[in-house]
Amino acid sequence: MFGYRVPAPDQAMLISGGKIKGATDAPFRVVTGHGAFIMPFFRKVRFLSLSMVEAEIAETCVTKQAIALNVRAVIAFKVGNDTESIINAGQRFLSDQSQMSVLTGRIFAGHLRSIVGSMTVEEIITERQKLAMEVLDGSAAEMAKIGLTIDSLQIQSIDDMKLGYIAAMAAPHNAAIQREAQIAQAQADQAAAEAAQESQRKQAEYSRQTFIVQAQYKAEVDKAQAEAAQAGPLAEAMAQREVIAARTELAEREATLREQQLVAEVVKPAQAEAEKVRLLARADAEAMEIQAAAASSNNRVALDQLIIEQLPKIVQEAARGLAGANVNIINGADGLGEMAAGLVGQGLAILDSVKRGLAGTESNTETPPPDQISGKPA
């Protein structure tokens, strides 16, 4: 919009011209963080930077011991954020804002010389922070009057401009440090030497252990190779032994089977045949006995039958003997009958005599063996 101006975030807009509301001695109106309408031709606008600014100082200062020291420092500062600081800084630096660094450096240089003059070299060297704080405290009020605030003060370096005081002051410490450094170096060298010896010892031990392990490994490899070389013949021998054992077992089984077969095919049949022969012989003997008994009985029967068959002939012969005899039959038919009966009685008497004779003969005669009876050779 025409006539409306807005300052940057790190700027303060200073509006001059016309009356300032609420202010009696302010030469301009301060606007920060927002814009304002500027009436053309009646108002004038200027901008003051609120960003941080650095100032370097290098000042020769004399200490309490009258020893000159060259001190270098850096100051970081800016215009204050409040309206009063902005007005004070605007009245002093608005036309040439680069003068803020120059003036700040001069202010701090003066306070630095004053503070260093009240301290010894040892205090300045060992207590730099104390020096910086005293310089800040001494310049704070003066910097506030011109509208500036100090963010930080850093002492960069302090030297005696080659007088050797600081070096001499540092010599005992340097010697102690060097001595400690030498001791530390000696200890480090000793530790390094011991570490090297330990490393060599461990290396030797490792080499020895490696040699032992390699020897054991080689021995195991040789043993394994020897066992592998013997494994073939040994396995073959074991296989042959197993084959022989299997064959032996098979032969034993075959012998057992053959024995059983022979028993079944030869012994049992032979025993059966022998038993058969014994049974047949016994049967033959019994048959022969039976036949002998039957024969004996048959002989008697036959003899009796023969005698009976011959009896008529005997009677006839007896009658024939009587034919030429002068026999008188008194009783007629009865007498003839008695004569015939007498002849028959004689025949029977003869028959009894023959039987007794035959019985005596049989008792004196032994029964022949069964083999002879059956007609088989003994």
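For the sequence shown, UniProt numbering gives the first residue as 1, with consecutive numbering after it.
All C-beta atoms, glycine included, are put in the ideal place defined by N, C-alpha and C.
Got a sec, what are the start and stop residues for the beta strand (DSSP E) residue i sits in?
i, result
"phenylalanine 47", "44–49"
"serine 152", "148–159"
Cα-Cα, which of the options is closest to residue i?
i, options, result
"proline 45", "Ser51, Ala58 and Arg29", "A quick correction: the sequence has valine, not proline, at residue 45. With distances taken between Cα atoms, valine 45 lies closest to Arg29."
"isoleucine 69", "Leu48, Glu180, Glu84 and Ile125", "Just to set this straight, residue 69 is leucine in the shown sequence, not isoleucine. The shortest Cα separation from leucine 69 among Leu48, Glu180, Glu84 and Ile125 belongs to Ile125."
"proline 9", "Ile244, Leu153, Thr63 and Thr32", "Thr32"
"leucine 163", "Ile67, Glu194 and Glu236", "Ile67"
"alanine 132", "Ile57, Lys223, Phe37 and Ala26", "Ile57"
"glycine 17", "Phe42, Gly35, Pro7 and His34", "Phe42"
"glycine 12", "Thr210, Glu242, Glu194 and Gln91", "Before going on, a small fix: residue 12 reads as alanine here, not glycine. With distances taken between Cα atoms, alanine 12 lies closest to Gln91."
"glycine 110", "Glu252, Ala73 and Ala237", "Ala73"
"serine 157", "Gln261, Thr60 and Leu257", "Thr60"
"alanine 144", "Met100, Gln129, Gln182 and Glu242", "Met100"
"aspartate 159", "Ala176, Arg128, Ala184 and Gln178", "Arg128"
Three-state secondary structure (DSSP) at residue i?
i, result
"alanine 168", "helix"
"lysine 276", "helix"
"valine 79", "strand"
"lysine 376", "Unreliable placement is indicated for lysine 376, whose pLDDT of 43 sits below 50; no coordinate value is reported for it."
"valine 53", "strand"
"alanine 8", "coil"
"leucine 94", "coil"
"phenylalanine 41", "coil"
"isoleucine 15", "strand"
"lysine 32", "Going by the sequence as given, residue 32 is threonine instead of lysine. If DSSP states are grouped into helix, strand and coil, threonine 32 belongs with coil."
"alanine 144", "helix"
"glutamate 26", "According to the sequence as given, residue 26 is alanine; it is not glutamate. Coil at alanine 26, not helix or strand."
"alanine 188", "helix"
"threonine 256", "helix"
"valine 327", "Confidence at valine 327 is low in this model, with a pLDDT of 49, below 50, so its placement is unreliable and the value that follows should be read with caution. Residue state, collapsed to three classes: coil."
"leucine 69", "strand"
"threonine 60", "strand"
"glycine 3", "coil"
Anyone know if the C-beta pair for residue i and residue j falls short of 8 Å?
i, j, result
"phenylalanine 77", "valine 53", "yes"
"leucine 153", "alanine 89", "no"
"isoleucine 75", "isoleucine 155", "no"
"leucine 112", "leucine 14", "no"
"isoleucine 38", "glycine 3", "yes"
"valine 71", "phenylalanine 108", "no"
"threonine 63", "methionine 119", "yes"
"alanine 26", "isoleucine 87", "yes"
"valine 121", "isoleucine 166", "yes"
"leucine 50", "threonine 104", "no"
"alanine 55", "arginine 5", "no"
What residue range is occupied by the uninterrupted alpha helix (DSSP H) comprising residue i?
i, result
"threonine 126", "121–126"
"valine 102", "99–117"
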